[in-house]
Structures are given as structure tokens and as C-alpha cells.
Amino acid sequence: MTETYVPPRIWTHDEASGGTWASVNRPTAGATYDKALPQGAHPLQLYSLATPNGVKVTVMLEELLEAGETGAEYDAYTIRIGQGEQFSSGFVALNPNSKIPALLDRDTGIRVFESGSILLYLAEKFDRFLPKPIAQRTEVMNWLFWLQGSAPYLGGGFGHFYVYAPEKFEYPINRFTTETKRQLDVLNRELGQNRYLGGDSYTIADMATWPWYGNLARGVQYDAGEFLQVQDYPHVIRWAEEIAARPAVIRGRMVNRITGEPSEQLPERHSAADFEKLATGK
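Offset between the sequence shown (1-based) and my numbering: plus 202.
See below:
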């Protein structure tokens with residue numbers, strides 16, 4: 203019989219029980235060491251990693267450039283969260299929550315953190331990918347906020363217990379699998395009625411949601427396609443594949459990537475020429 207865990211009267215931090223991220227998970231905030239962030243030539247400075255939350259922003263920036271917004275040129279620097287680089291004094295000054303991504307707009311002096319906030323900031327700054335009419339705008343914002351509230355169940359819940367936890371336990375895996383499949387069903391029903399989330403136009407709601415649920419439906423997130431029976435969500439798969447083929451999305455997935463195929467890794471990005479150098483190996 204498995205011994206049942208009984209919570210103590212007072213909790214204490216046990217780093218050894220944290221699994222994959224034990225070395226960087228801690229119950230306190232703030233910087234752990236002093237180091238300034240590097241800066242490039244462009245007004246927009248991004249500090250991130252190609253996790254789903256990071257990909258949201260690099261896709262948005264590449265979509266803006268694809269749309270002709272030259273003012274969206276940016277420098278992107280990798281923050282290696284597994285090594286605790288999000289706890290440098292420079293990064294904490296941009297995001298006191300020590301999570302990627304974080305953006306500095308040197309044109310305005312504004313810091314922006316939380317991926318959804320960055321998407322909204324860029325959409326309003328460049329007047330792109332967010333409808334003006336109140337009804338359409340609100341529907342897009344509905345889905346953006348839905349994603350921001352739902353993704354932690356997928357990443358911190360399902361992904362953690364299915365992939366990263368030091369031991370596999372049936373209860374949390376079942377709990378978060380149930381919720382993940384419910385969320386996929388929510389998306390499948392919406393995308394059975396609309397081409398994109400919230401209507402016929404591609405927006406920040408799609409950019410926010412695709413790196414999480416699009417890649418999950420394509421079987422590349424957590425290698426969980428078979429386990430979750432993603433074929434049961436054909437409208438999500440249709441939407442996911444359509445977005446995956448966009449040139450800006452292909453580029454955006456490469457930025458700040460430090461794992462996978464070397465031909466898809468661009469740890470730092472400073473200009474469009476960086477993609478050409480990556481493709482040619484020069």
C-alpha cells in the first residue's frame with residue numbers, strides 16, 4: 203500500500219523534491235546575483251527562451267515585420283531559465299516575477315512583462331492583429347484571457363506531472379489530463395465555427411494560443427499526442443497546421459531556441475539576416 207502524504211503543520215522548502223526544475227524553483231522573489239542585461243541596436247529588446255510563452259512574442263514580432271512594420275525590428279537574447287539567468291539583477295529589473303519573456307521598449311522607456319501583456323502592448327503600438335470594433339476586439343480579448351488562464355493547467359499541471367515530475371502519480375495526471383482534454387474540446391468547438399479564435403481574422407489570440415495548444419494538437423508538445431488522442435479534435439488540428447505554415451511562425455519558433463535540431467536554433471536574433479546565416483550555416 204502506498205504511504206499517504208500528510209502535510210506538516212508548517213511547510214518548509216525541500217529543494218530535493220522539486221524534480222527537473224528543483225534548482226531554480228524557490229519560495230522567494232528577487233535577484234540572486236548582479237548582472238546587467240545585454241542590449242542591441244534596436245528599440246525593442248527581448249529577453250526570452252523558446253518555451254510556449256516565449257514563442258508567443260517572437261511570433262508576434264516576426265508577424266509585425268512580415269506585415270511591413272520596420273519599427274518592430276528587435277534584438278532577442280536567450281535567458282537560460284534552467285541556469286537561473288532569470289534571477290539576474292538586470293532581468294528582475296524588467297520583470298520582478300522572474301519569468302520569461304520580458305521586453306524593453308527603449309523608444310518609450312516602458313518595460314513589459316507577462317506574454318499576454320507584451321502581445322497587447324505590441325498590437326496597440328503598431329495597430330496590428332487586434333480589431334478596432336468593440337465587439338470583435340472584445341471577442342479576441344476573451345480568447346487571449348482564456349489562454350492566459352488556461353495554459354497554466356496545461357504547462358504547470360499536465361506537462362509537469364506527465365513529463366517533469368520526479369515520479370508519476372495517477373491522481374494529478376488524471377486530474378490535469380481531464381482538464382486539458384476539456385480545454386481542447388472548448389477550442390475544437392470554437393474552431394469548428396470560426397477559422398481563427400474569435401472570428402475570421404488572425405490575431406494575438408491565435409498567437410498566444412498556438413504555441414501551447416497548437417503544438418499539443420500537432421503532437422509535438424510533451425510528446426503527448428497519442429496519450430491525449432489529439433485526433434479527436436480535428437478543428438484544432440486544422441487551425442494548428444495552418445498557423446504552423448506561416449513564414450513568421452516558422453521564424454518565430456527558431457528565435458531563442460537552444461534545443462532540438464541545430465538548423466532550427468537561433469539563440470540570439472538581431473536582424474533578418476540571422477535566419478539566412480542559420481539556413482546556410484555561414
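Ideal Cβ placement from N, Cα and C applies to all residues, glycine included.
Query, Result
"N-terminal and C-terminal residue of the alpha helix (DSSP H) that F328 is part of", "317-328"
"Backbone CA spacing between T272 and W213 [nearest angstrom]", "51 Å"
"Delimiting residues of the beta strand (DSSP E) encompassing Y373", "Segment 372-393 is the alpha helix (DSSP H) holding Y373; no beta strand (DSSP E) there."
"Alpha carbon of P469 to alpha carbon of V457, nearest angstrom", "6 Å"
"Three-way DSSP call (helix, strand, coil) for T280 in this model", "strand"
"Within 9 Å, strictly: CB atoms of F328 and A367", "no"
"Option nearest L450 by Cα separation, candidates G318, P374, V259, Y415", "The question names Leu, but residue 450 in the sequence shown is Ala. The residue with the shortest Cα to Cα distance from A450 is V259."
"Neighbourhood of H244 by C-beta, 6 Å cutoff - its chain only, sequence neighbours within 5 removed", "E275, Y276, D277"
"Pairwise C-alpha distance: G416 and Y364", "18 Å"
"Pair within 9 Å by beta-carbon distance, T482 and L430", "no"
"Pick from G462, N396, G359, I460 that is closest to W414, judged by C-alpha positions", "G359"
"Presumed contact (8 Å Cβ cut-off) between I302 and S250, rounded CB distance", "5 Å"
"Presumed contact (8 Å Cβ cut-off) between L239 and G284, rounded CB distance", "18 Å between Cβ atoms; not a contact."
"Proximity winner among E478, L480, A474, K479, relative to E265 (alpha-carbon distances)", "A474"
"Integer-rounded CB distance, given that V314 should sit under 8 Å from L305", "4 Å"
"Y435 - DSSP class collapsed to helix/strand/coil", "coil"
"Contact set for R330: own chain, Cβ-Cβ below 7 Å, skip 5 residues either direction", "L266, A269, E271"
"Nearest residue (CA-CA) to G351, options A231, D425, H215, N255", "N255"
"Beta-bridge pairing of R498 - partner residues as DSSP gives them", "What the structure shows of the chain is the stretch from 203 to 484, and residue 498 is not part of that stretch, so it cannot be assessed."
"Alpha-carbon to alpha-carbon, V388 and V373", "For clarity, residue 373 is Tyr in the given sequence; the question names Val instead. Distance between the alpha carbons of Y373 and V388 is about 23 Å."
"Straight-line gap, I312 to L399 (C-alpha atoms, nearest Å)", "29 Å"
"Boundaries (first-last residue) of the beta strand (DSSP E) holding S250", "246-250"
"N344 classed as buried or exposed, judged by whether at least 16 other C-beta atoms fall within 10 angstroms", "exposed"
"Other residues of its chain near L324: CB distance less than 6 Å, five sequence neighbours each side excluded", "M262"
"Euclidean distance between Cα positions of A426 and L418", "7 Å"
"Check whether T411 and L322 have beta carbons under 9 Å apart", "no"
"Selection from T405, F289, N396, Q288 that minimises the alpha carbon distance to V342", "T405"
"Minimum length 4: unbroken alpha helix (DSSP H) runs contained in the region 331-378", "336-354"
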